[in-house]
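Going by the numbering used here, the letters in the sequence shown line up with residues 18 to 391, in that order. No residue lacks a Cβ here, since even glycine has one placed at the ideal position from N, Cα and C.
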Amino acid sequence: MSQRTRLFCLKDPYDLSASDAQFIRAVRENCSFHYTHCLEYRRLLDSFSFRPDMLNDCADLARLPFLPTVTFKHHRLFSLPRRRMAALSTSSGTSGQFSEIGFDYPALWCNWNMLWKIGRRRGFFSPMPSHYIVLGYKLRRGNRTAVARTAFGATLLTPALTRTYALQYQNGRYVPDLDGVADALIRHGKSHFPTRLVGFPSYTYFLLRLLERRGIQLQLPAGSKLMLGGGWKQFYTQQVEKTVLYDLANRILGIPEDHIIEVFSAVEHPILYADCVQHHFHVPVYSRIIIRDPDTLSPLPYGQPGLVEFISPLLTATPTLAVMTDDLGILHPPGSCPCGNPSPWLEILGRVGLKDIKTCAAGAENLLTGDDMP
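As structure tokens, then:
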């Protein structure tokens, strides 16, 4: 059994202190694999005189060279041939360019194992059939975006009676159909079965405001849930506080706050972060987070805002072991959440412009093309 599989087989998904030794073994194994099988990744590590065998404890993670997520939007980096990959997923590409990330077969098993262990704690699964309102893209042939696949996957958490999508594919592009979704919600309000709304918080907010303007208030059946993920994307200027969205969901749909779940993930870091009852994103044993100073890139202590770096040994098809995002966040210390989860939790503050990010991989373009090599 690989070290990665052992990590994803751990019983408690949030006992970080007990998982440290296994996590570092899995990271060292993953780093060694990419170093051997991906020339570009080897160049990156060699440029920093770093070797996989330098990873001996979690303190060494801060020295591990990382790649910014924007690198994956400009370069296709793989450590396996495509014929050996189980799937390829892409980012949404709202900026005009997208990442393409490969998944190996064992990674898919690890992913489902992670989903089961985290999801059953947060009430994802139920034998009760549900109607689904997907506030996102309708999955179609040729759409390999992670957000569309994830939204469809969410409709498999219970037996699905119906699926209604907010974004329909028409004449070569996706167009919103909030009126159709509103009509479906009114119908589901008369059903004996619960309704689950899953998808973008932006479209959820627009839908709730549409119902509010029409003077429509529903009382969805008991067990109905609102499951949010994917961020506000191009609608970031219209983003509202979570409390505003939660209050609308309660007033318009009759969904109480304790039935609202938010998840966080990224195609370059496909680890599931599900919020707790306090709506905090606790770090699972499958990953570690480093907050770095935007100017010096030095690791920052708990409670200090900075750039968010994610580390996870999940994938062997693509070298996403350590990725630096353009998110600003704060990592709060273990045991600081009233929910009782002992794991640290991540607070996302927002994004910075790419022009403001100076990373240790600032010379990645030269490294990946083989220029300026020592």
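Residue i - containing alpha helix (DSSP H), residue span
i, result
"K134", "Y122 to R139"
"H54", "L33 to H54"
"S219", "P218 to R230"
"I203", "L195 to H205"
"F281", "No alpha helix (DSSP H) holds F281; the beta strand (DSSP E) holding it covers I277 to A283."
"K259", "K259 to L270"
"T172", "Counting along the chain, T172 falls outside any alpha helix (DSSP H), and DSSP gives it neither H nor E."
"L332", "Run containing L332: none; DSSP gives neither H nor E here."
"F25", "Q20 to F25"
Buried/exposed call for residue i, threshold 16 Cβ in 10 Å
i, result
"M18", "exposed"
"P30", "buried"
"H91", "exposed"
"R231", "exposed"
"M102", "buried"
"D389", "The predicted position of D389 is uncertain, since its pLDDT is 40 and thus under 50; a value taken from the coordinates is nonetheless stated next. Exposed, since its Cβ has fewer than 16 Cβ neighbours within 10 Å."
"L214", "buried"
"S36", "buried"
"K28", "exposed"
"V300", "buried"
"D344", "buried"
"T260", "exposed"
"N188", "exposed"
"D134", "Strictly speaking, residue 134 in this sequence is Lys, with Asp absent from that position. K134 comes out buried."
"V198", "buried"
"L62", "buried"
Chain-order list of residues whose beta-carbon lies under 7 Å from that of residue i (same chain, five-residue window excluded)
i, result
"H286", "F327, S329, T337 and V340"
"V257", "Y222"
"H349", "Y319, G320, P361, W362 and E364"
"Y303", "L24, F25, M131, I288, S329 and L331"
"K155", "Y182, L184, Q185 and Y186"
"G271", "L235, Q236 and L237"
"R139", "I278 and A291"
Segment limits, beta strand (DSSP E) that includes residue i
i, result
"T181", "A177 to Q187"
"L289", "H286 to A291"
"L392", "Examination of residue 392 is not possible in this model, given that the chain is present from 18 through 391 alone."
Bridge partners - residue i, DSSP secondary structure assignment
i, result
"D344", "R368"
"P82", "None, per the DSSP bridge assignment."
"T212", "H148"
"P316", "R309"
"T323", "Checking the sequence shown, residue 323 turns out to be Gly, not Thr. Bridge partners of G323: G346."
"E117", "T107"
"T162", "T107"
"Y154", "L184"
"A339", "I328"
"Y191", "Y186"
"H299", "W362"
Sequence-distant residues of the same chain with beta carbon closer than 6 Å to residue i, five excluded per side
i, result
"L332", "A124"
"T342", "T86 and V325"
"L104", "It should be pointed out that residue 104 corresponds to Ala in this sequence rather than to Leu. Same-chain partners within the cutoff: F120."
"S143", "T175"
"Q20", "R42, A43 and E46"
"H297", "C354 and W362"
"S116", "F89, K90, S108, V284 and E285"
"P211", "S147, P238, G240 and S241"
"A201", "T181"
Cutoff 8 Å; reference residue i; Cβ partners in own chain excluding five residues on either side
i, result
"L78", "I41, V44, L72, R305, I307, I328 and A339"
"G153", "V164, A165, A168, Y182, A183, L184, V215, G216, F217, Y220 and G247"
"C75", "D37, F40, I41 and R305"
"S315", "R309"
Interface flag, residue i vs chain B, CB-CB below 8 Å
i, result
"P359", "Protein chains in the displayed structure number just one, and chain B is not present."
Are the segment 205-224 and the segment 233-250 in contact at 8 Å, needing three or more beta carbon pairs? yes
Within the chosen definition, does the segment 349-362 reach the segment 292-309 through at least 3 CB pairs nearer than 8 Å? yes
Pairs of beta-carbons, one from the segment 84-103 and one from the segment 54-65, closer than 8 Å: are there three or more? yes
Take every Cβ of the segment 113-123, pair it with every Cβ of the segment 75-85, and state whether three or more of those distances are shorter than 8 Å. no
Is the segment 136-149 in contact with the segment 171-184, if contact means three or more CB pairs nearer than 8 Å? yes
So does the segment 65-81 actually touch the segment 43-51, counting three or more Cβ pairs closer than 8 Å? yes
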